[in-house]
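This report refers to the structure that appears directly beneath it.
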């Protein structure tokens, strides 16, 4: 069974978006299949086979999610983050500005789906 402590240890190694692929590989090795992050407060829920969901508490004070969603703005924020130009909180604020309510990372499919407040997928991003 995966523990929240193991997930936090893997996440502690992530400084920028450039570290994200290694983080997802580590979560896959732990046996997780996917996880969802709520942009409003950074809380997350992790899923794996044969275990209860693991809930992580909020990471920051609530931020407002802009509407409507703006895929182009999200893509720009994501590109900056992947280059290591922003930290996690800055990326979350920029994602909220682009209308992202949450994202789900599908570890086995190696894809992140960014979802807006109307449940529309703003962007599907492959994980290298």
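Residue numbers (the working numbering): 11 to 138.
Here a beta-carbon is modelled for each residue, glycine too, at the ideal position from N, C-alpha and C.
Note that this is a predicted model, so its numbers are computed, not measured.
Taking just the CA atoms, how far does residue j sit from residue i?
i           : j           : result
residue 39  : residue 75  : 32 Å
residue 26  : residue 119 : 22 Å
residue 71  : residue 50  : 8 Å
residue 114 : residue 65  : 14 Å
residue 35  : residue 137 : 10 Å
residue 28  : residue 112 : 20 Å
residue 100 : residue 82  : 17 Å
residue 23  : residue 17  : 10 Å
residue 52  : residue 67  : 8 Å
residue 89  : residue 15  : 29 Å
residue 48  : residue 13  : 20 Å
Where does residue i fall in DSSP's three states?
i           : result
residue 129 : coil
residue 121 : strand
Kindly give me the distance between the Cβ atoms of residue i and residue j, rounded to whole angstroms, as I take these residues to be in contact under 8 Å.
i           : j           : result
residue 96  : residue 86  : The Cβ separation is near 11 Å, so there is no contact.
residue 124 : residue 110 : 5 Å
residue 11  : residue 61  : 5 Å
residue 42  : residue 56  : 5 Å
Are residue i and residue j touching if we call contact CB-CB under 8 Å?
i           : j           : result
residue 21  : residue 33  : yes
residue 79  : residue 132 : yes
residue 121 : residue 130 : no
residue 77  : residue 127 : yes
Does the CB of residue i have a neighbour CB from chain B at under 8 Å?
i          : result
residue 68 : The structure shown contains no chain B; it holds only a single protein chain.
What residue ranges within the region 29-110 form continuous beta strand (DSSP E) runs of no fewer than 3 residues, ordered along the chain? Taking 3 residues as the minimum length, the beta strand (DSSP E) runs contained wholly in the region 29-110 are 44-48, 54-57, 64-66, in order along the chain.
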